[in-house]
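Numbering (the working numbering), first residue to last: 452 to 585.
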Amino acid sequence: MVKMPHEVKETIDNQRPIPIATASNDGVPNVALVGLLKILDDETILIANNYFKKTEANIKENPKISFVVHDGKAKRAYQVKGSVELVTSGSIYDDMVEWVHARNVNLPAKAAAVMHVEEIFNSMSGEHAGEKIL
Ligand SMILES: Cc1cc2nc3c(=O)[nH]c(=O)nc-3n(C[C@H](O)[C@H](O)[C@H](O)COP(=O)(O)O)c2cc1C
Numbered sequence: 452m453v454k455m456p457h458e459v460k461e462t463i464d465n466q467r468p469i470p471i472a473t474a475s476n477d478g479v480p481n482v483a484l485v486g487l488l489k490i491l492d493d494e495t496i497l498i499a500n501n502y503f504k505k506t507e508a509n510i511k512e513n514p515k516i517s518f519v520v521h522d523g524k525a526k527r528a529y530q531v532k533g534s535v536e537l538v539t540s541g542s543i544y545d546d547m548v549e550w551v552h553a554r555n556v557n558l559p560a561k562a563a564a565v566m567h568v569e570e571i572f573n574s575m576s577g578e579h580a581g582e583k584i585l
């Protein structure tokens, strides 16, 4: 796992929704928008699974996940990659339900998708395009 630097966390915090990419075991890609995503700590991101279908199926057979975020004013963009687990009990799940239902009590809050950050790449165009940061 890697620790997200401040500027990466700030870029994530400032963008909603965020498109998250998963893939099936046989390599079929899928992308879905999420609004309910928050940083738990420097290495961990929580995503509320309310309505995932292909995303959930993909995670169950292939835990790899990636998303991209962009801040036009700060001229920053990052690809964040990692592994995700679906958590349906315990304190992380209970906290997720409380957080989601504080927004909207009608949301299903099926599972906490807990992403462990493994790699971060620069996603801005230019001389450092695509370079691995961590
Ligand atoms: C702006 C926006 C924000 C969304 N946020 C979430 C979210 O936080 N959690 C979730 O489960 N679905 C969210 N959705 C719904 C999913 O993106 C949608 O159900 C999508 O079909 C899931 O993709 P999948 O069926 O390929 O898994 C959001 C949709 C939009 C348009």
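All C-beta atoms in this analysis are idealised placements derived from N, C-alpha and C, irrespective of residue type, glycine included.
In the three-state reduction of the DSSP assignment, Asn476 falls in the coil class, being assigned neither a helical nor a strand state.
Of the heavy atoms belonging to ligand 1, at least one sits nearer than 8 Å to the Cβ of Leu484.
In the same chain as Glu582, and ignoring 5 residues on each side of it, the C-beta atoms closer than 7 Å to its own belong to Phe572 and Asn573, in chain order.
At the C-beta level, Tyr544 and Ile463 stay beyond 9 Å of one another.
Checking the 8 Å criterion, the Cβ of Pro468 is within range of a heavy atom belonging to ligand 1. Inclusion of Ala472 and Ile510 in the CB contact set at 9 Å is not warranted, their separation being larger than that value. Thr495 has its alpha-carbon roughly 12 Å from the corresponding atom of Glu570. Each residue's CA atom was taken as its position, placing Ala563 and His579 some 34 Å apart.
For Asp545, the secondary structure class from DSSP, reduced to helix, strand or coil, is helix.
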